[in-house]
Each structure stands twice: as C-alpha cells, then as structure tokens.
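J.: Got a structure for you, written out below as structure tokens; questions coming shortly.
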Amino acid sequence: AHPGMTENECRRLCKLIDCQKLSQEACNHAAQNERLPVQMTIQVLYFEQQRLKNALAGTFAEGFLSQRISSGVPSAAMSPRDNYASLRRENRELKLELSRLRMRLNDLEKEQVCMKQGMEKSAANRTFLTSISRGFGRIGLFGQPTVKRQKSSRKSQGVEGNHGRRRRNSLS
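Printed below as a string of structure tokens:
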C-alpha cells in the first residue's frame, strides 16, 4: 500500500501494531502477506494460536465450536490456514458449479437452434403444400378454378358494396 516506505520504516511501524487487537480478517491478511516482516507474521500467528487455545479451553462450548467448524462457517477459532483452505475448497466448488452451468447453457442453446431449424423446415413445408394446393385450385382439379370464383365473388361484393359507404378519391 505504501511503495515509498523503506524496509526499516516498515519494521518500526509494525512494532507499534498490537497484534492482539487485530480483527480476524486482519490476522488472516497479515499471516498471508509476504511483504510484511517475518517477525510481524510470527507475532500474528502466535496471538492467533493463543486465541485458539483460549477458545478451546472453555470460552466457547465444545458443541458450538465443533458445529461452527464442521459447518464450514469461518469462526474466530479457525486458524488462518484452515480458513484459507476452506475458502480455496469453496472457490473450487463454485468454479465447478459455474462450469456445469456453462455446459448446461451450451446444451440449451444447441437445443434452441435445433428447435428453430425444425420450425423453419415445417414452415417451409407448409408453404410448399399451400402453393401446390393453390396451383391445383387454379387449374381446376378440384372443381371450378379459383380465379372464376374470385371474380364472381367480387361481383357479388360489388352489388352489396353499392349500398355501403362511398369513397371519394382525392386529387391532392
């Protein structure tokens, strides 16, 4: 965090820090930080060990402590190494779940593409069949041609249409 500090300044500053007052998170960070002086790291680990001994000696009920540790919930009684291992395990599990979800997404996308292609093929088949049936109707295979039916139906509509609304054609 302070690249301009010399090694001597860092040592003097670390001597002023009371490791007993560090939070669990700060202890974990200090124990894993390679840039801190070794003496500081040793002090942090020593006080963390003392905290563990006090916790096991009776500060916490044994059942509660074993329940918290077995459930994977980080507690004040967990050493930084155990906490780190637990976090790494959880990280691996999350990565595996993410890769499973990605594979599932790929499968669903492939399925969607196949369904879309199937729908397009069926639409093309319907269009083909419709055009064939219209062709048969035009040439009169199923009775009178549809062209004559359309003209005769238009004439009958025209007779009925005279009684309807008149439209004016605008020149502008």
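Heads up: the sequence shown begins at 1211 in my numbering, then just goes up one per residue.
Just so it is clear, CB atoms sit at the ideal spot from N, CA and C, and this is done for glycine as well.
(1) Just verifying my parser: in three-state terms, what is the DSSP assignment at Leu1255?
(2) Within 10 angstroms of the Cβ of Asn1218, are there 16 or more other Cβ atoms? Answer buried if so, exposed if not.
(3) On the DSSP letters alone, give me the boundaries of the alpha helix (DSSP H) that Cys1224 sits inside.
(4) Let's test the definition: count the other Cβ atoms within 10 Å of the Cβ of Asn1301 and tell me whether it reaches 16, buried, or not, exposed.
(5) In whole angstroms, what separates the C-alpha of Ile1252 from that of Met1313?
(6) Spell out a yes or no on whether the segment 1213-1230 and the segment 1244-1262 are touching, meaning 3 or more CB-CB pairs, one atom from each, closer than 8 Å.
(7) Assuming contact is defined by CB atoms lying nearer than 7 Å, are Arg1221 and Pro1247 in contact in what I supplied?
(8) Helix or strand or just coil, what does DSSP make of Gly1214?
(9) Taking only the alpha-carbon atoms, compute the straight-line gap between Thr1216 and Gln1249 and give it to the nearest angstrom.
(10) Please go through the same chain and pick out, in chain order, the residues whose beta-carbon is closer than 8 Å to the beta-carbon of Glu1258, but skip the five residues on each side of it.
(11) Between Lys1361 and the rest of its own chain, which residues show a CB-CB distance below 6 Å, the 5 nearest in sequence each way excluded?
T.: On the basis of the data shown:
(1) Your numbering for residue 1255 matches position 45 in the sequence shown. Residue state, collapsed to three classes: helix.
(2) Position 8 of the sequence shown holds residue 1218. Classification for Asn1218: exposed.
(3) The residue you call residue 1224 lines up with position 14 of the sequence shown. Per DSSP, Cys1224 belongs to the alpha helix (DSSP H) from Glu1217 to Leu1226.
(4) For this step, residue 1301 is matched to residue 91 along the sequence shown. That one is exposed.
(5) Position 42 of the sequence shown, counted from the first residue, corresponds to residue 1252. Position 103 of the sequence shown, counted from the first residue, corresponds to residue 1313. Their backbone Cα atoms lie some 45 Å apart in a straight line.
(6) yes
(7) By one-based count along the sequence shown, residue 1221 stands at place 11. By one-based count along the sequence shown, residue 1247 stands at place 37. Yes; because the gap between Cβ atoms is below 7 Å, this pair is in contact.
(8) The residue labelled residue 1214 in the question sits at position 4 within the sequence shown. In this structure, Gly1214 counts as coil in the three-state DSSP scheme.
(9) Working through the sequence shown from its first residue, we reach residue 1216 at position 6. Working through the sequence shown from its first residue, we reach residue 1249 at position 39. So the alpha carbons of these two residues sit roughly 16 Å apart.
(10) As a first step, residue 1258 is located in the sequence shown; it is residue number 48 there, counting from the start. Correct list, in chain order: Cys1237, Ala1241, Ser1289 and Pro1290.
(11) Within the sequence shown, the letter at position 151 stands for residue 1361. Residue confidence is low: Lys1361 scores 49 on pLDDT, short of 50, so the model does not pin down where it sits. Its coordinate-derived value is still stated next. The answer is none, since no qualifying residue turns up.
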